[in-house]
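See below for the structure under consideration.
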Amino acid sequence: MTTIDKFLSDIQKIIKFDRANNGGHYDAKRACTQIAKLFANNNRNLGSLALSISDYWLNTYILGSEDLANEPSEQNIERIKAFQSFADSEEDADFSVLTSDDWETLRDFVDDEAENLDLDSLQSMMNLILQNGALE
Numbered sequence: 006m007t008t009i010d011k012f013l014s015d016i017q018k019i020i021k022f023d024r025a026n027n028g029g030h031y032d033a034k035r036a037c038t039q040i041a042k043l044f045a046n047n048n049r050n051l052g053s054l055a056l057s058i059s060d061y062w063l064n065t066y067i068l069g070s071e072d073l074a075n076e077p078s079e080q081n082i083e084r085i086k087a088f089q090s091f092a093d094s095e096e097d098a099d100f101s102v103l104t105s106d107d108w109e110t111l112r113d114f115v116d117d118e119a120e121n122l123d124l125d126s127l128q129s130m131m132n133l134i135l136q137n138g139a140l141e
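Using the working numbering, you'd call the opening residue of the sequence shown number 6 and step up by one each time.
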């Protein structure tokens, strides 16, 4: 099982357990908040960069959703999966779900945290940002 497969499996468990632990009533906001925490915990090595990315996903795509009760949508699961691939510096991952605004936000987050990242992670992330056209 790859890191991404494990991450997706954990997301599905969060969704399932939210429903099961609340008498069959699903609370998307609560579940998505747990997914954001999962992302931050999975990427503790990135320090506050992981928290910035998870907060961005939650606030931009989940809490701003027109259909909050049915979040995370497949597209938003794909989006946080892409953010996980970015955090893992997976150059061959599918990042097509990320918008130019997402890439610019990632660039800004990485710039803000650059001094706290190890050099290999920083170089890999900046390379992904460059490949996706977010460097000016």
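Every residue gets a Cβ at the ideal spot worked out from N, C-alpha and C, and that includes glycine.
6 Å Cβ shell around residue i - same chain, five flanking residues per side excluded
i: L54; result: F114, E118
i: S57; result: F114
i: F12; result: Q89
i: D99; result: none
Euclidean distance between Cα positions of residue i and residue j
i: L51; j: A87; result: 16 Å
i: W62; j: L124; result: 25 Å
i: M6; j: S14; result: 10 Å
i: R24; j: L43; result: 17 Å
i: M130; j: F22; result: 33 Å
i: L103; j: A92; result: 14 Å
i: L133; j: I9; result: 17 Å
i: D116; j: N26; result: 40 Å
i: S70; j: E120; result: 34 Å
DSSP state of residue i mapped onto helix, strand, coil
i: T8; result: helix
i: L122; result: coil
i: L68; result: coil
i: S101; result: coil
i: D23; result: helix
8 Å CB neighbourhood of residue i in its chain, flanking five on each side removed
i: L73; result: A33, K34, I67
i: L140; result: R112, M131, I134
i: T38; result: L63
i: D60; result: A41
i: R49; result: A55
Same chain, Cβ closer than 7 Å to residue i, neighbours up to 5 away in sequence not counted
i: I40; result: I16, I19, P77, I85
i: Y31; result: D23, R24
i: A36; result: I19, I20, D23
Residue i CB to nearest heavy atom of the ligand ATP below 7 Å
i: L103; result: With respect to the ligand ATP, the structure offers nothing, as it holds no ligand at all.
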